[in-house]
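Worksheet: the structure to be examined is printed underneath.
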Amino acid sequence: MGSTCSNHLGIPPAKGPNAVGCTDFMMDHTAQGSFFRLYYPCQESEKAEKPDWVPCREYFIGLADFMKINRSVSERIFNYLFGSFKIPAYWDAPFKSNGKCPVVIFSHGLGAFRTLYSAICAELASQGFIVASVEHRDQSASATFYFREAPESEKAKENEWMYYRALQHGESEFPLRNKQVKQRADECILALEKLAAINSGTRVRNALQTQFDWATLENSMDLCRIAAMGHSFGGATAIEALCKDVRFKCAVALDTWMFPLDDEIFPRVKQPIFFINSERFQWAGNISRMRKLDSAVIQRKMITIRGTVHQSFPDFTFLTGNWIGKLMNLKGEIDPEVAMDLSNKATLAFLQRHLGLEKNFNQWDALINGEDENLIPGTNVTVLQSSI
Numbered sequence: 006m007g008s009t010c011s012n013h014l015g016i017p018p019a020k021g022p023n024a025v026g027c028t029d030f031m032m033d034h035t036a037q038g039s040f041f042r043l044y045y046p047c048q049e050s051e052k053a054e055k056p057d058w059v060p061c062r063e064y065f066i067g068l069a070d071f072m073k074i075n076r077s078v079s080e081r082i083f084n085y086l087f088g089s090f091k092i093p094a095y096w097d098a099p100f101k102s103n104g105k106c107p108v109v110i111f112s113h114g115l116g117a118f119r120t121l122y123s124a125i126c127a128e129l130a131s132q133g134f135i136v137a138s139v140e141h142r143d144q145s146a147s148a149t150f151y152f153r154e155a156p157e158s159e160k161a162k163e164n165e166w167m168y169y170r171a172l173q174h175g176e177s178e179f180p181l182r183n184k185q186v187k188q189r190a191d192e193c194i195l196a197l198e199k200l201a202a203i204n205s206g207t208r209v210r211n212a213l214q215t216q217f218d219w220a221t222l223e224n225s226m227d228l229c230r231i232a233a234m235g236h237s238f239g240g241a242t243a244i245e246a247l248c249k250d251v252r253f254k255c256a257v258a259l260d261t262w263m264f265p266l267d268d269e270i271f272p273r274v275k276q277p278i279f280f281i282n283s284e285r286f287q288w289a290g291n292i293s294r295m296r297k298l299d300s301a302v303i304q305r306k307m308i309t310i311r312g313t314v315h316q317s318f319p320d321f322t323f324l325t326g327n328w329i330g331k332l333m334n335l336k337g338e339i340d341p342e343v344a345m346d347l348s349n350k351a352t353l354a355f356l357q358r359h360l361g362l363e364k365n366f367n368q369w370d371a372l373i374n375g376e377d378e379n380l381i382p383g384t385n386v387t388v389l390q391s392s393i
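In short: position in the sequence shown from 1, add 5, done, that's my numbering.
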């Protein structure tokens, strides 16, 4: 896939001390299984290649459906704009053991899929984390797939594609989104359970054909240090996951869309949460729901990155020029790399604090409080006290 439209654009490389590898895992080939892209510290290898950012054309078709534009035209446009970009990680590279790695389970936003947040996931892996970026099967992804059993006469399984499900005319949105957020949280928990099995040395069967040796991950993960993380709908998913499973010690919620969550879960969430918001996406009603999670005894922090838009967190923000990026709301006024660097450093500082890591990420503790010229402590949105 791809074209020569890249010029100087591209997803920035990770900045941590480790090279980054990635691979895909699908446990149980059916729609009820677990599917994620795994990022991890890897051994450097001259042979290793970087995978395509968008794995295949069906994902472009899914993006077209999500954006409600013509499939055939948009597939060509998307392939021209984005088809040549690579993930900043080495495909199936050997895992590098260097002590036990903390774990992050990442949940994508509405209309996204497992590969679209590689700048975030690769950075965490370069800093020593193992990150599972889940591809959700609740019909909130632009596209995803599983395998249906082929007839006995055929040996290969056949891909079954699942595309984004739009709201039907007259359909109430909350019941759908609330059902989806619960399924999404369950899928994050299932991914964690698969990683725990791999960590214990249990032999796992990957329904996908990869060369990665999963046995090398035995006893590699610190399962006392696990965080949930996500963007938009994925931020809500991370909060729902905290409520469902106390193995998640904290969450980082990027520009979270709070609508899918039931108010009744808020008092049941006992872990720390860090809200990192964009300047242009949030509104009073959404912020007031975040504020309902405020606590006198549990750390709940919020910062806003100046000059950012909702799409400043996925990789799209790095892959378009200034004019097209702003026209499509993929870029804000701030340099995308500056914004991502602030978000990643603040995330690492928060994770060190609440996972009890012995790293040097506390050098960025001030960012958790919004202490930077490009940060706003709390929010830029005015919220009436009576609405909280």
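Idealized CB from N, CA, C, for every residue including glycine.
Nothing here was measured: the structure is a model prediction, and the numbers come from that model.
Legend entry - Whole-number beta carbon distance between V25 and S138, since they are thought to touch under 8 Å: The pair is not a contact, with the Cβ atoms about 12 Å apart (cut-off 8 Å).
Inset, instruction - Tell me where the alpha helix (DSSP H) around K306 begins and ends. - result: That residue, K306, is in no alpha helix (DSSP H); its beta strand (DSSP E) goes 305-310.
Inset, instruction - With distances taken Cα to Cα, identify the nearest neighbour of L86 among D346, L362, I110, I329. - result: I329
Legend entry - Alpha-carbon to alpha-carbon, V274 and I194: 16 Å
Legend entry - Residue from Q144, H113, P46 whose Cα sits closest to the Cα of W96: P46
Legend entry - Element boundaries [beta strand (DSSP E), containing W166]: 163-168
Inset, instruction - Could you tell me whether the segment 352-363 touches the segment 332-343, where touching means 3 or more Cβ pairs closer than 8 Å? - result: no
Inset, instruction - Return the residue from the list T313, A258, P319 that minimises the CA-CA distance to I16. - result: P319
Inset, instruction - Inspect the beta-carbon positions of L121 and F286 and report whether they are closer than 9 Å. - result: no
Legend entry - Exposure of F279, with buried meaning 16 or more beta-carbon neighbours within 10 Å: Here F279 is buried, its C-beta having at least 16 other C-beta atoms within 10 Å.
Inset, instruction - Assign D340 to one of two classes, buried (16 or more other C-beta atoms within 10 Å of its C-beta) or exposed (fewer than that). - result: exposed
Legend entry - Length-filtered (3 minimum) beta strand (DSSP E) runs lying within the segment 10-66: 24-32, 39-47
Inset, instruction - For E284, count neighbouring C-beta atoms within 10 Å of its own C-beta (all shown protein chains included) and say buried if the count is 16 or more, exposed if not. - result: buried
Inset, instruction - Go ahead and label S89 buried or exposed: buried means 16 or more other beta carbons lie within 10 angstroms of its beta carbon, across all protein chains shown. - result: Burial call: buried.
Inset, instruction - Using a threshold of 9 Å, state whether the C-beta atoms of V109 and A233 are closer than that. - result: yes
Legend entry - When A371, M263, S77, R81 are compared against W182, the one with the closest alpha-carbon: First, the residue type needs correcting, since residue 182 is Arg and not Trp in the sequence shown. Ranking the options by Cα distance to R182, first place goes to M263.
Inset, instruction - Work out the CA separation of R252 and T261 for me, nearest whole Å. - result: 21 Å
Legend entry - Extent of the continuous beta strand (DSSP E) to which I448 belongs: Past the boundaries of the shown model lies residue 448; the chain is included only from 6 to 393, so the question cannot be answered.
Inset, instruction - Please name the residue in E269, I270, R153, F111 whose C-alpha comes closest to that of W166. - result: R153
Legend entry - Runs of beta strand (DSSP E) lying entirely within the segment 258-303, each at least 3 residues, in chain order: 278-283
Inset, instruction - Rank D346, E342, E80, K306 by C-alpha distance to the C-alpha of G375 and give the top, closest one. - result: In terms of CA proximity to G375, K306 leads the group D346, E342, E80, K306.
Inset, instruction - Just grab the DSSP bridge partners of M234 for me. - result: F111, V257
Inset, instruction - Tell me whether V59 is buried or exposed, calling it buried when 16 or more other Cβ atoms sit within 10 Å of its Cβ. - result: buried
Legend entry - Sequence-distant residues of its chain with Cβ nearer than 8 Å to A202 (five each side left out): V209
Inset, instruction - Return the chain-ordered list of same chain residues with a C-beta closer than 7 Å to the C-beta of S158, the five sequence neighbours on each side being excluded. - result: Unreliable positioning characterises S158 in this predicted model, as indicated by a pLDDT of 45, which lies under 50. A coordinate reading is not provided.
Legend entry - Cα-Cα separation between A94 and P22, rounded to whole angstroms: 13 Å
Legend entry - Distance CB(C27)-CB(L43) smaller than 9 Å: yes
Inset, instruction - Drop a sphere of 10 angstroms on the beta-carbon of I74, count the other beta-carbons inside from all chains shown, and report buried for 16 or more, exposed for fewer. - result: Burial call: exposed.
Legend entry - Nearest neighbour of S39, chosen from E245, A196, K350, A69 [CA to CA]: Of the candidates E245, A196, K350, A69, the one whose C-alpha sits nearest the C-alpha of S39 is A196.
Legend entry - Whether A351 touches I381 by CB criterion (9 Å): Taking 9 Å as the cut-off, the Cβ atoms of A351 and I381 do not count as close.
Inset, instruction - Could you pull out every unbroken alpha helix (DSSP H) segment of at least 4 residues lying fully inside the segment 75-112, listed in chain order? - result: List check, alpha helix (DSSP H) in window: 76-87.
Legend entry - Helix, strand or coil at F318 [DSSP, three-state]: coil
Legend entry - C-alpha gap between A19 and V343, whole angstroms: 13 Å
Legend entry - DSSP-derived helix/strand/coil call for A148: strand
Inset, instruction - Can you check DSSP and say which residues form a bridge with P382? - result: I308
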